[in-house]
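Since the structure comes first, as structure tokens, the remarks are kept for the end.
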Amino acid sequence: MSRTLMLSSQTVQDYAQLGAVVLRGVLNAEELQTLEQGIEHNLSHLSPLAQVASRADDPGRFIEDFCTWQSNAAYEKILRDSALPHIAAQLMQSQTVRVYHDHLLVKEPGTKQPTPWHQDQPYYNVSGRQNVSFWIPVDPVSEASTLRFVAKSHLGTWYMPRTFRDQQAKWFPEGSLAELPPIDAEPHHYTQLAWSLDPGDCVAFQMLALHASNGVGPAERRRVFSARYLGDDTRHAVRHWRTSPPFEGLAERLPEGAEMNDPLFPKVWG
């Protein structure tokens, strides 16, 4: 049974209007320990979906992995039993909450590889606006290396998803979606949101919110678990290409426009 944690009406309103909010003290000490154990287990048992997202000459290492919660008891406990499902229901303003997937992101000390500006939903196989991603570090995160967001960027425009290192359009045909705006070149035109974080804190963001992050310092390790949830209006968007992450065979079980009613996406609230 999930813990409950009531959010203020202002936090829910900020999420709807800005696309990203910071949440302090979401995980308690026991849950943090569980999550850290889950992350270390994941790092020593990487799945076939794992990838190194940094270059070979990077002095650090940026490792990612996806969709391992079903074989990681610590992850499953956090996804189901922490306050995250209740918080997700409030932020999404949804009666139901389903797990979408988990995502491990670890930047080892000295990693220079940035995470470029992007939205998450164009990489995915879902439509709808009731969704939330939680970015949850188990290490202190400075404002210099935290996740940054463009305020209100979740309100409609889908931008072309590209591979992070070589900027290839693998998901949508060239020209079919808008190109990213010049956020870094014209920072005065784009209000950014960013928060330093302590273990137990997290940021929550809508899957169309533009976000990015820098590398980390030589004495900074940044281990992050992302928990992603879906709400009432989410439907299966069948793609004719490999999504990130992929859900092999799902189109054979869920047709286009179907609710995400599948064992891969268990209902954890409502």
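Each residue of the sequence shown is one higher than the last, beginning at 20 in my numbering.
For every residue, glycine included, the Cβ atom is placed at its ideal position computed from N, Cα and C.
Since we're looking at a predicted model, the values are computed, not measured.
Express the C-alpha separation of P135 and S263 in angstroms, rounding to a whole number.
To locate residue 263, count along the sequence shown from 1; it is residue 244. To locate residue 135, count along the sequence shown from 1; it is residue 116. Those two C-alpha atoms are separated by around 16 Å.
Given a cut-off of 7 Å, decide if E55 and V157 are closer than it, judged by their beta-carbon atoms.
Translated into the one-based positions of the sequence shown, residue 157 becomes position 138. Translated into the one-based positions of the sequence shown, residue 55 becomes position 36. Yes.
Which residue wins for smallest C-alpha separation from L283, given the options P274, L269 and A277?
As a working note, residue 283 is residue 264 in the sequence shown. It is L269 whose Cα lies nearest to the Cα of L283.
Spatial distance of N91 from L123 (CA atoms):
Sequence index remark: in the sequence shown, residue 91 carries index 72 (1-based). Sequence index remark: in the sequence shown, residue 123 carries index 104 (1-based). So the two alpha carbons sit approximately 12 Å from each other.
Would E83 and Q70 qualify as a contact pair, given that the criterion is a beta-carbon distance under 7 Å?
On the sequence shown, position 64 is the one that residue 83 refers to. On the sequence shown, position 51 is the one that residue 70 refers to. Closer than 7 Å, so yes.
Is it true that the CB of L216 sits closer than 7 Å to the CB of A102?
Locating residue 102 in the sequence shown gives position 83, where the first residue counts as 1. Locating residue 216 in the sequence shown gives position 197, where the first residue counts as 1. Contact flag unset, no.
C-alpha distance - P104 paired with Q132, whole-angstrom precision:
Sequence index remark: in the sequence shown, residue 104 carries index 85 (1-based). Sequence index remark: in the sequence shown, residue 132 carries index 113 (1-based). The straight-line gap from Cα to Cα measures roughly 32 Å.
Contact check, V151 vs M111, beta carbons under 7 Å
The count along the sequence shown starts at 1 and reaches residue 151 at position 132. The count along the sequence shown starts at 1 and reaches residue 111 at position 92. Their beta carbons are under 7 Å apart, which means V151 touches M111 by this criterion.
Closest to R242 by C-alpha separation, out of I202, Q109 and C221, would be which residue?
Locating residue 242 in the sequence shown gives position 223, counting from the first residue. Here the closest residue by C-alpha is C221.
Could you tell me the boundaries of the alpha helix (DSSP H) in which L62 lies?
Locating residue 62 in the sequence shown gives position 43, where the first residue counts as 1. Taken as a continuous stretch (DSSP letters only), the alpha helix (DSSP H) holding L62 covers A48 to S63.
Along the chain, where does the alpha helix (DSSP H) containing Q109 start, and where does it finish?
Looking up residue 109 in the sequence shown gives position 90. Where Q109 is concerned, the enclosing alpha helix (DSSP H) stretches over L103 to M111.
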